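The number in our numbering is simply the position in the sequence shown, starting from 1, with 202 added.
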Amino acid sequence: STEDASPRLQFRTAEGRTLYRIGERIPLELSFTGPENKRFEINMASYDRSGRMGYEEFNVAPAAGWTDPLHVYFGSSSGFMGGGLTGFGSLSAKPTVINLNLNEWVRFDQAGTYTVIVVSHRVSDVSTGRGSRFGAPSLSLTSNPIQLRVIPATKAWERAKLSSIMKELEENPKPTGIEPDSLKGAIADLRFLGTAAAARLMAQHLREDEPTLMYECALGLDGLREKLHPIALAAMNRMIDDSRFPVSSWFLKIG
203 STEDASPRLQ FRTAEGRTLY RIGERIPLEL SFTGPENKRF EINMASYDRS GRMGYEEFNV
263 APAAGWTDPL HVYFGSSSGF MGGGLTGFGS LSAKPTVINL NLNEWVRFDQ AGTYTVIVVS
323 HRVSDVSTGR GSRFGAPSLS LTSNPIQLRV IPATKAWERA KLSSIMKELE ENPKPTGIEP
383 DSLKGAIADL RFLGTAAAAR LMAQHLREDE PTLMYECALG LDGLREKLHP IALAAMNRMI
443 DDSRFPVSSW FLKIG
């Protein structure tokens with residue numbers, strides 16, 4: 203019966219696509235369902251100021267050809283979960299959908315076919331007497347697998363993507379965090395693009411007077427492939443030599 207149904211997690215790419223380029227953002231929809239008896243509570247947080255939350259983990263096969271872009275950052279003393287907006291809801295037969303970008307956990311560095319499974323820890327059983335907001339242990343929900351085919355990005359596609367990102371940033375020069383989805387998407391696209399030109403642009407936005415962009419760009423620079431680190435550092439050095447550039451604390455952390 204629906205009352206006895208266990209909570210379930212299904213996921214898919216947001217557009218139902220399975221083919222992506224290296225450096226292309228891969229938006230996901232995580233869909234949670236459960237019985238109608240309000241027994242299972244879900245943490246609805248979809249944003250953390252650090253750029254990544256700890257509720258999900260992603261299992262990817264094969265084990266080669268990709269990496270966790272923030273493994274070093276979160277494994278260091280400077281890595282932290284920065285806090286964000288959190289709400290709670292009850293699972294039901296109507297799906298509760300959480301939107302995430304796979305790129306926050308997985309950076310594909312080589313073309314290939316990959317199988318991805320997500321494990322979520324954002325659901326808890328309130329029949330224990332405590333909801334997750336009161337410290338009840340979370341359940342571990344494992345999703346269906348999806349298969350993604352990742353192909354190399356062409357230089358023309360990378361240039362066009364960067365151009366559309368810059369257009370969005372020019373139209374919204376001082377993002378505040380309360381901006382249109384098109385700008386949020388462009389900022390995320392910049393963070394994950396992984397090109398030398400994107401690295402230089404992110405360095406320009408490590409500004410104290412652009413807090414929304416500052417966090418995203420700092421984590422984007424931290425998540426770059428190693429061969430791009432010298433390019434990013436050179437761009438940051440040019441910024442720091444400019445007496446008008448408002449150096450942020452994150453600039454100093456990344457540098």
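Even for Gly, the Cβ is constructed at its ideal location relative to N, Cα and C.
None of these values were measured; they are calculated from a predicted model.
Can you give the Cα-Cα distance for L414 and N239, rounded to whole angstroms?
Sequence index remark: in the sequence shown, residue 414 carries index 212 (1-based). Sequence index remark: in the sequence shown, residue 239 carries index 37 (1-based). It should be noted that the sequence gives Thr, not Leu, for residue 414. Their backbone Cα atoms lie some 39 Å apart in a straight line.
Using the three-state DSSP reduction, which class does F468 fall into: helix, strand or coil?
Residue 468 is absent from the structure shown; the chain starts at 203 and stops at 457.
State yes or no: is the C-beta of F234 within less than 8 Å of the C-beta of T298?
Locating residue 234 in the sequence shown gives position 32, where the first residue counts as 1. Locating residue 298 in the sequence shown gives position 96, where the first residue counts as 1. Yes, the Cβ-Cβ distance between F234 and T298 is below 8 Å.
Simplified DSSP assignment, three categories, for N245
Along the sequence shown, one-based indexing puts residue 245 at 43. Correct three-state label for N245: strand.
W268, DSSP secondary structure in three states:
Counting from one through the sequence shown, the residue named residue 268 turns up at place 66. Strand.
Within 10 angstroms of its Cβ, does R440 collect 16 or more other Cβ (buried), or is it exposed?
For the purposes of this step, residue 440 is identified with residue 238 of the sequence shown, where counting begins at 1. The residue is exposed, with fewer than 16 neighbouring Cβ atoms inside 10 Å.
Using only the alpha-carbon positions, how far apart do T215 and G387 sit?
Indexing the sequence shown from 1 puts residue 215 at position 13. Indexing the sequence shown from 1 puts residue 387 at position 185. Whole-angstrom Cα-Cα distance: 15 Å.
Residue ranges of each beta strand (DSSP E) within the segment 308-332, 3 or longer
314-322, 325-327
I need the DSSP call for G281, collapsed to helix, strand or coil.
On the sequence shown, residue 281 is found 79 positions in, with the first residue counted as 1. Note that G281 scores 44 on pLDDT, short of 50, meaning its location in the model is unreliable and no value can be drawn from it.
Could you check what DSSP says for S294 in three-state terms: helix, strand or coil?
Locating residue 294 in the sequence shown gives position 92, counting from the first residue. Three-state result, S294: coil.
Does the beta-carbon distance from L211 to F242 come in below 8 Å?
The sequence position of residue 211 within the sequence shown is 9, counting from 1. The sequence position of residue 242 within the sequence shown is 40, counting from 1. No, the pair does not count as a contact, with Cβ atoms beyond the cut-off.
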